[in-house]
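Student:
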Amino acid sequence: MKELLNILRSNARLSLEELSAMTDSTPAEVAEEIDRLEKSGIIKGYRAVINEELADKNSVTAFIEVKVTPKADFGFDEIARTIMMFDEVDSVTLMSGSFDLAVTLSGTDYKEIALFVARRLSSLDGVISTSTHFVLKRFKDNGFFIESENIDERGFVSP
1262 MKELLNILRS
1272 NARLSLEELS
1282 AMTDSTPAEV
1292 AEEIDRLEKS
1302 GIIKGYRAVI
1312 NEELADKNSV
1322 TAFIEVKVTP
1332 KADFGFDEIA
1342 RTIMMFDEVD
1352 SVTLMSGSFD
1362 LAVTLSGTDY
1372 KEIALFVARR
1382 LSSLDGVIST
1392 STHFVLKRFK
1402 DNGFFIESEN
1412 IDERGFVSP
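Quick note on my numbering: the sequence shown kicks off at 1262 and runs consecutively.
What follows is the structure, given as structure tokens:
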């Protein structure tokens, strides 16, 4: 299972025949395992890694640090569920460290995201503070180099 998941993480477009050759299985066994992984909720979906700068010049992504007051008997789950239901929100993650939740969202411009944070996110019961960080440029995303130019992989050598 781990081997198959690692292969799918790097390329979910491989055919059953290719996957079976890479895992020493039959195509039917691979199809059965993928079906089991999907039904059990281990595989949640498939997606392409997109160079957003080329796909949509007006697209804006922000990472928002959110400090919250956890609720008795629910901890952070209730506020996380509330935040993840907003259409603008791409992901919500419980974090260790100086803030509690990491929220990622996309919009069409900086003002749209700022208004979302000011009017919808910050006003939620339990939200203590937010800190918004805008993505200026992606260099690598989900293991893929975003820039098409040649990357110098020789490494840095210091004197």
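Heads up, the beta-carbon is just placed ideally off N, CA and C, and yes, glycines get one too.
Fair warning: this is a prediction, and the values are worked out from it, not measured in the lab.
Measure the C-alpha to C-alpha separation of I1295 and V1310 and round it to an integer number of angstroms.
Tutor: Sequence index remark: in the sequence shown, residue 1295 carries index 34 (1-based). Sequence index remark: in the sequence shown, residue 1310 carries index 49 (1-based). Whole-angstrom Cα-Cα distance: 21 Å.
Student: What does a CB cutoff of less than 6 Å around G1387 pick up in its chain, not counting 5 residues either side in sequence?
Tutor: Translated into the one-based positions of the sequence shown, residue 1387 becomes position 126. Contacts found: V1329, T1330, I1340.
Student: In angstroms, rounded to a whole number, what distance separates the CA positions of F1395 and K1372?
Tutor: In the sequence shown, the residue the question calls residue 1395 occupies position 134. In the sequence shown, the residue the question calls residue 1372 occupies position 111. Distance between the alpha carbons of F1395 and K1372: 11 Å.
Student: Ignoring anything shorter than 4 residues, give me the alpha helix (DSSP H) runs that lie fully in the stretch 1329-1370, in order along the chain.
Tutor: 1338-1345
Student: Is F1335 buried or exposed, if buried means 16 or more other CB atoms sit within 10 Å of its CB?
Tutor: Translated into positions along the sequence shown, residue 1335 becomes position 74. By the 10 Å Cβ count, F1335 comes out exposed.
Student: Start and end of the alpha helix (DSSP H) containing S1281?
Tutor: Counting from one through the sequence shown, the residue named residue 1281 turns up at place 20. 1277-1284 is the span of the alpha helix (DSSP H), which, as asked, contains S1281.
Student: Which residue's Cα is closest to the Cα of L1362: L1265, F1337, K1263, F1377?
Tutor: Within the sequence shown, the letter at position 101 stands for residue 1362. The shortest C-alpha separation from L1362 is found at F1337.
Student: Is it true that the stretch 1365-1382 meets the stretch 1343-1356, where meeting means three or more beta-carbon pairs spaced less than 8 Å apart?
Tutor: yes
Student: Label A1323 either buried or exposed according to how many other C-beta atoms from any shown protein chain fall within 10 Å of its C-beta, with 16 as the threshold for buried.
Tutor: Mapped onto the sequence shown, residue 1323 falls at position 62. Classification of A1323: buried, given that the 10 Å Cβ count is 16 or more.
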